[in-house]
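Undergrad:
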Amino acid sequence: MRAFSFKNTIVAVVMMFTSTIGAHAVDPPYQQDLQRFATIMGALYHLDALCLNSGNNWRDEFAELLDLEEVDEDRRARLTAAFNSGYYDFNRMHVRCTPNAQLATKRFIAEGAAIAKNIHTRFAE
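Adding 704 to a residue's 1-based position in the sequence shown gives its number in this note's numbering.
This is the structure we're talking about:
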């Protein structure tokens, strides 16, 4: 249930933010947070399949985030690299659901929700 709430928060934050400002040629002030968010989504893409089986497709959610954010090619490449880094790092470390993988999943969901809330609070209102 938490992953579903996290997913809805992601979409709501991005939709609200992108509706208030357009795309920029320079990085927005929340770019570092968004890159960390992408890394978390990549890790969750792997960990969710191992431990949660929530039905969320984090890769599809990430693609939707990029579309909603209307990123230029440079930002798209950096955010995609962050997503892939999160995926591959945890793909190498966890091949089955272990207590550590479960803990990492819970922590990533909490951190991702905090990042989404922070971006929303600081930049969407």
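The beta-carbon is built from N, C-alpha and C at its ideal position, and this holds for glycine as well.
For R779, is the classification buried or exposed, using 16 other Cβ atoms within 10 angstroms of its Cβ as the cut-off for buried?
TA: Counting from 1 along the sequence shown, the entry for residue 779 is found at position 75. Label assigned to R779: buried.
Undergrad: If you follow the alpha helix (DSSP H) that D776 is part of, which residue opens it and which one closes it?
TA: Position 72 of the sequence shown, counting from 1, holds the residue named residue 776. No alpha helix (DSSP H) contains D776, which DSSP labels as neither H nor E.
Undergrad: To which residues of the same chain is Y749 closer than 7 Å at the C-beta, ignoring the five residues directly before and after it?
TA: Counted from its first residue, the sequence shown places residue 749 at position 45. Cβ neighbours of Y749 beyond the five flanking positions: W762, R763 and Y791.
Undergrad: Out of D793, A781, Q739 and V730, state which residue places its alpha-carbon closest to the alpha-carbon of A808.
TA: The count along the sequence shown starts at 1 and reaches residue 808 at position 104. With distances taken between Cα atoms, A808 lies closest to D793.
Undergrad: Cα separation between L738 and L783?
TA: Position 34 of the sequence shown, counted from the first residue, corresponds to residue 738. Position 79 of the sequence shown, counted from the first residue, corresponds to residue 783. Computed Cα separation, rounded: 8 Å.
Undergrad: When we look at the beta-carbon of E773 and count the other beta-carbons within 10 Å, is it buried (16 or more) or exposed?
TA: Along the sequence shown, read from residue 1 onward, the residue named residue 773 stands at position 69. Label assigned to E773: buried.
Undergrad: Keeping to the same chain, check which residues put their C-beta closer than 6 Å to that of I725; ignore five residues upstream and five downstream.
TA: The residue you call residue 725 lines up with position 21 of the sequence shown. Note on I725: pLDDT 48, under 50, position unreliable in the model; the coordinate value appears next. Contacts found: none.
Undergrad: Under 8 Å, do A742 and A781 count as touching if we go by C-beta distance?
TA: Looking up residue 742 in the sequence shown gives position 38. Looking up residue 781 in the sequence shown gives position 77. Cβ distance not < 8 Å, so A742 and A781 don't count as in contact.
Undergrad: With F798 and L754 assumed to form a contact (beta carbons below 8 Å), what rounded beta-carbon distance in angstroms separates them?
TA: Taking the first residue of the sequence shown as position 1, residue 798 is located at position 94. Taking the first residue of the sequence shown as position 1, residue 754 is located at position 50. According to the sequence provided, residue 798 is His. The question's Phe does not apply to it. Their Cβ separation, rounded to whole angstroms, is 6 Å, which keeps H798 and L754 in contact under 8 Å.
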